[in-house]
Amino acid sequence: MELLLVLGLPLLGSILLALFGARRYAADLNAGMSLATLTAASLLVLRVIRYGPILVGHEQFFVDSFNVFLVALTAFVGFTTSLFSRPYMRIEEHHGRINPRRLRLYHSMYQLFMGAMLLALLTNNMGLLWVAMEAATLSTVLLVSLYRTRASLEAAWKYFILCGVGIAQALFGTILLYFAAEQTLGREGMTALLWTHLNAVKGQLEPRVLGLAFVFLLVGYGTKVGLAPLHNWLPDAHAEGPTPVSAVLSGLLLNVALYAVIRCKVLVEGSVGSLLPGRMLMTFGLLSAVLGAFFLWRQRDIKRLFGYSSIEHMGIITFAFGLGGPVANFAALLHMTVHSLTKSSIFFTAGHASQTAGTQQMDGIRGLLGISPTIGWGLMLGSIAILGMPPFGVFASEFLILTTAMREHPWSTPFLLIALGVAFAAIFSRVQPMVFGESDAPPLPHSPALLPVFIHLAMVLTLGIYMPPALAEWYRAAARLIG
Amino acid sequence: MTTPHLITQFLNLLAAGLLLISFAMLSRRRTQRLITLLAWQGVILFLSTCLVAHSSGLSELYYSAGLTLILKVIALPWILHRLIYQLGAQWDSEPLVNIPATMLVGLALVIFAFGLAQPISMLATTITRHTLGIALAVILLSFLMMITRRKAITQVIGFLAMENGLFFAATSATYGMPMVIELGIALDLLVGVFILGIFFFQIREQFESLDLHHLEALKED
Numbered sequence: 003m004e005l006l007l008v009l010g011l012p013l014l015g016s017i018l019l020a021l022f023g024a025r026r027y028a029a030d031l032n033a034g035m036s037l038a039t040l041t042a043a044s045l046l047v048l049r050v051i052r053y054g055p056i057l058v059g060h061e062q063f064f065v066d067s068f069n070v071f072l073v074a075l076t077a078f079v080g081f082t083t084s085l086f087s088r089p090y091m092r093i094e095e096h097h098g099r100i101n102p103r104r105l106r107l108y109h110s111m112y113q114l115f116m117g118a119m120l121l122a123l124l125t126n127n128m129g130l131l132w133v134a135m136e137a138a139t140l141s142t143v144l145l146v147s148l149y150r151t152r153a154s155l156e157a158a159w160k161y162f163i164l165c166g167v168g169i170a171q172a173l174f175g176t177i178l179l180y181f182a183a184e185q186t187l188g189r190e191g192m193t194a195l196l197w198t199h200l201n202a203v204k205g206q207l208e209p210r211v212l213g214l215a216f217v218f219l220l221v222g223y224g225t226k227v228g229l230a231p232l233h234n235w236l237p238d239a240h241a242e243g244p245t246p247v248s249a250v251l252s253g254l255l256l257n258v259a260l261y262a263v264i265r266c267k268v269l270v271e272g273s274v275g276s277l278l279p280g281r282m283l284m285t286f287g288l289l290s291a292v293l294g295a296f297f298l299w300r301q302r303d304i305k306r307l308f309g310y311s312s313i314e315h316m317g318i319i320t321f322a323f324g325l326g327g328p329v330a331n332f333a334a335l336l337h338m339t340v341h342s343l344t345k346s347s348i349f350f351t352a353g354h355a356s357q358t359a360g361t362q363q364m365d366g367i368r369g370l371l372g373i374s375p376t377i378g379w380g381l382m383l384g385s386i387a388i389l390g391m392p393p394f395g396v397f398a399s400e401f402l403i404l405t406t407a408m409r410e411h412p413w414s415t416p417f418l419l420i421a422l423g424v425a426f427a428a429i430f431s432r433v434q435p436m437v438f439g440e441s442d443a444p445p446l447p448h449s450p451a452l453l454p455v456f457i458h459l460a461m462v463l464t465l466g467i468y469m470p471p472a473l474a475e476w477y478r479a480a481a482r483l484i485g
Numbered sequence: 177m178t179t180p181h182l183i184t185q186f187l188n189l190l191a192a193g194l195l196l197i198s199f200a201m202l203s204r205r206r207t208q209r210l211i212t213l214l215a216w217q218g219v220i221l222f223l224s225t226c227l228v229a230h231s232s233g234l235s236e237l238y239y240s241a242g243l244t245l246i247l248k249v250i251a252l253p254w255i256l257h258r259l260i261y262q263l264g265a266q267w268d269s270e271p272l273v274n275i276p277a278t279m280l281v282g283l284a285l286v287i288f289a290f291g292l293a294q295p296i297s298m299l300a301t302t303i304t305r306h307t308l309g310i311a312l313a314v315i316l317l318s319f320l321m322m323i324t325r326r327k328a329i330t331q332v333i334g335f336l337a338m339e340n341g342l343f344f345a346a347t348s349a350t351y352g353m354p355m356v357i358e359l360g361i362a363l364d365l366l367v368g369v370f371i372l373g374i375f376f377f378q379i380r381e382q383f384e385s386l387d388l389h390h391l392e393a394l395k396e397d
């Protein structure tokens with residue numbers, strides 16, 4: 003029941019907003035539908051905590067502790083982003099960058115995107131997972147090109163073609179997976195694509211086919227995670243789309259794509275019986291972390307800067323999943339959570355910062371503290387958090403990942419340290435002049451909603467200082483599932 | 177009744193046709209011709225799916241074949257034709273870089289695909305197993321086409337041809353995916369082409385051309 007609501011509400015919201023999305027109250031409706039989805043997701047979480055994993059709808063939907071926490075996170079960030087987008091889009095309208103018709107498209111697609119991601123997380127069917135991932139891409143393509151500028155069209159085109167080709171590889175991987183599973187599970191009852199069934203027989207699946215399938219699945223879904231060298235679409239799409247879209251792309255879509263990779267990894271590792279899938283994740287992860295960090299130096303656009311920072315962090319998370327074992331998986335899940343909360347809050351402040359300055363170029367953004375202390379402090383604290391400074395949760399997860407890497411694969415520590423160090427220097431030296439200094443820019447026409455920023459940062463801080471035992475137990479259970 | 181052997185022969189013939197069309201696509205300049213070739217690929221997919229359905233006795237494959245006929249032979253080519261007509265691009269052709277070199281790269285890709293598919297084909301029990309290599313080759317050739325072309329529409333045709341290859345892989349290795357999934361894939365594809373249609377107009381409005389070399393401003397400097 004809760005599950006039906008979680009999936010149905012965004013769909014309903016999308017239809018409603020397609021009809022009424024141009025009205026004045028559309029932004030409130032958007033936030034209301036997101037709140038309803040969040041409520042349904044919370045009920046689902048409570049139910050899973052109380053009664054354990056759920057398998058419903060002819061086994062097509064499956065909820066365990068791994069995906070339920072991502073469902074909660076997705077619904078939560080979806081809701082806070084809709085709160086942020088209310089004044090943000092109003093200011094964009096005021097600046098004449100957008101008209102009511104496009105706002106309708108924006109609101110409707112926003113809800114559809116949420117629905118697609120939640121479907122991808124909740125489905126038990128690997129084929130449906132693919133369909134949902136593709137739907138998530140399609141619903142965001144027109145959002146990236148919402149401003150219809152040359153740059154945004156280019157970014158959206160790149161996003162569509164790269165992710166389209168990527169996801170086609172993932173489809174081939176899924177076909178190979180089905181091919182292997184069909185020989186064990188048979189065609190009858192259509193169980194050969196259901197993750198729970200595959201997981202039960204993963205030891206009997208043909209390892210050669212699954213190994214090949216994993217290569218395709220990793221390349222395919224990895225494109226959407228933004229793993230190097232397939233990351234080209236990510237900074238463009240983040241920089242040129244509207245800021246709420248950058249926030250949900252970075253905070254949520256990357257997580258969902260990584261979730262798909264990890265589900266596949268669990269199956270393949272069980273079949274191949276070797277560490278090969280883990281090693282591949284480690285290689286891609288390290289490469290993305292180091293490359294992402296070095297590209298940070300060359301950025302001039304504030305949203306591109308944080309786009310590259312997302313590549314770096316997804317690299318670190320992928321690396322941690324590749325390490326495997328309870329501690330690294332625990333750290334990776336924690337890092338997924340804190341990265342998604344911190345990065346979305348940074349995009350919120352970065353969006354308002356560039357609205358105030360009238361440009362996304364970092365050279366043009368100065369003296370944020372003077373114009374609006376909340377924006378200035380939000381950006382400063384968010385950057386400190388994402389750089390892994392001690393009291394914040396990012397520090398805890400990065401520390402766990404580093405120590406595990408040192409113990410199990412000492413060769414990888416210098417790379418990780420270089421990535422973290424370079425990222426620190428690059429981001430800090432850019433953010434510092436933007437926050438401090440003098441500026442004569444006028445204040446924004448509508449007061450920004452920065453409450454979500456501080457709620458997110460407070461949560462990240464709490465996770466860094468004190469993790470509730472229930473939550474820790476939850477992460478541990480999820481980490482055990484991944485193996 | 178036809179013998180299974182004959183059906184296998186015929187399927188191999190169709191697979192060869194599919195591969196041949198992929199090569200033809202690599203060398204065609206005119207956008208309209210490419211769309212026609214894409215529709216022919218759809219016809220081959222339709223025929224092969226019908227044959228597999230007949231020989232395996234799986235009735236759901238007939239639905240899948242029907243879906244292919246409607247979507248890939250009629251709907252998509254029609255939408256693309258209308259699009260290029262509305263954009264006034266029906267006589268467009270594009271200069272190609274060195275066709276012989278592209279062909280040679282294509283040949284290498286085919287050999288690579290066969291090598292990769294060989295061990296997997298051995299495991300398949302379906303009558304169509306030998307065609308898995310061809311399916312993979314079609315996917316790679318379409319990818320090559322997307323890389324070598326500069327026009328937005330041609331890239332999309334390459335993308336659709338890649339999807340055809342994937343569909344062929346699904347029928348040849350596994351007798352097709354479950355129906356729900358195929359419907360989902362078809363829906364995604366259709367929506368994707370619609371979005372691209374909107375996109376073409378936006379791109380042309382902004383750049384007054386569908387040539388993608390305008391879309392190269394976002395680069396790391």
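Just so you know, the sequences run in chain order A and B.
Each residue of the first sequence is one higher than the last, beginning at 3 in this note's numbering.
Each residue of the second sequence is one higher than the last, beginning at 177 in this note's numbering.
Don't be surprised by glycine CBs; every beta carbon is placed ideally from N, CA and C.
For residue 203 of chain A, there is no enclosing beta strand (DSSP E), since its DSSP letter is neither H nor E. Under DSSP, no beta-bridge partner is assigned to residue 225 of chain B.
Our two residues, residue 341 of chain B and residue 238 of chain A, have alpha carbons roughly 29 Å apart in a direct line.
For residue 350 of chain A, the uninterrupted alpha helix (DSSP H) segment begins and ends at 327-359. Exclusion of the five residues before and after residue 356 of chain A leaves 304, 362, 367 as the residues of its chain whose Cβ lies within less than 7 Å of its Cβ. Counting C-beta pairs with one atom in each stretch, the segment 104-113 of chain A and the segment 122-139 of chain A have fewer than three that are closer than 8 Å, which means they do not touch. Going by C-alpha positions, residue 26 of chain A is about 13 Å away from residue 33 of chain A. Classified as buried, residue 71 of chain A has 16 or more neighbouring CB atoms from the shown chains inside 10 Å of its CB.
Residue environment analysis places residue 151 of chain A among the exposed positions, since fewer than 16 neighbouring C-beta atoms fall within 10 angstroms of its C-beta. Taking each of A:372, A:343, A:424, A:390 in turn and checking the Cα distance to residue 82 of chain A, the smallest one comes out for A:343. Here residue 337 of chain B is near residue 317 of chain B, since their CB atoms are less than 9 Å apart. In the pairwise beta carbon analysis, the segment 355-370 of chain B is classified as touching the segment 238-256 of chain B: at least three pairs are separated by under 8 Å. With three or more CB-CB distances shorter than 8 Å, the segment 173-182 of chain A counts as touching the segment 212-226 of chain A.
The Cβ atoms of residue 485 of chain A and residue 326 of chain A sit closer than 9 Å to each other. Apart from the 5 residues on each side of it in sequence, residue 315 of chain A sits with its Cβ closer than 6 Å to the Cβ of 341 in its chain, given in chain order. Counting C-beta atoms within 10 angstroms of its own C-beta, residue 159 of chain A has 16 or more neighbours from the protein chains shown and is therefore classed as buried. At a cut-off of 9 Å between C-beta atoms, residue 163 of chain A counts as an interface residue with respect to chain B. Measuring C-alpha to C-alpha distances from residue 329 of chain A to each of A:311, A:201, A:410, A:254 identifies A:410 as the nearest. By DSSP's assignment, residue 56 of chain A forms a beta bridge with A:65.
For the 9 Å CB-CB criterion, residue 348 of chain B and residue 241 of chain B do not form a contact.
Within the segment 137-160 of chain A, the residues whose Cβ lies closer than 8 Å to some Cβ of chain B are 137, 140, 143, 144, 147, 150, 151, 152, 153, 155, 156, 157, 158, 159, 160, listed in chain order. Taking C-alpha positions only, residue 224 of chain A is separated from residue 122 of chain A by approximately 15 Å. With a cutoff of 9 Å on beta-carbon distance, residue 430 of chain A and residue 385 of chain A are scored as near each other. For residue 187 of chain B, the nearest beta carbon of chain A is not closer than 9 Å to its own beta carbon.
A direct Cα-Cα distance of roughly 35 Å separates residue 333 of chain B from residue 76 of chain A. The segment 286-301 of chain A makes contact with the segment 226-237 of chain A, as at least three CB pairs between them are under 8 Å. Approximately 11 Å separates the beta-carbon atoms of residue 139 of chain A and residue 163 of chain A; this is outside 8 Å, ruling out the contact.
Between residue 349 of chain A and residue 248 of chain A, the CB-CB gap stays under 9 Å. Taken atom to atom, the span from the alpha-carbon of residue 12 of chain A to that of residue 63 of chain A is near 17 Å. Collapsing the DSSP output to three states places residue 363 of chain A in a strand. The beta carbon of residue 468 of chain A lies closer than 6 Å to none in the same chain, with the five residues before and after it left out. Judged by beta-carbon spacing, residue 231 of chain B lies beyond the 9 Å limit of residue 310 of chain B, meaning their Cβ atoms are not closer than that value.
DSSP places residue 127 of chain A in the strand class (E or B) of the three-state scheme. Within the segment 30-49 of chain A, no residue places its CB atom closer than 7 Å to a CB of chain B. Listed along chain A, no residue sits closer than 7 Å to residue 256 of chain B by beta-carbon distance, the nearest being about 16 Å off. Rounded to the nearest angstrom, the Cβ distance from residue 381 of chain A to residue 425 of chain A is 16 Å, too far for a contact under 8 Å.
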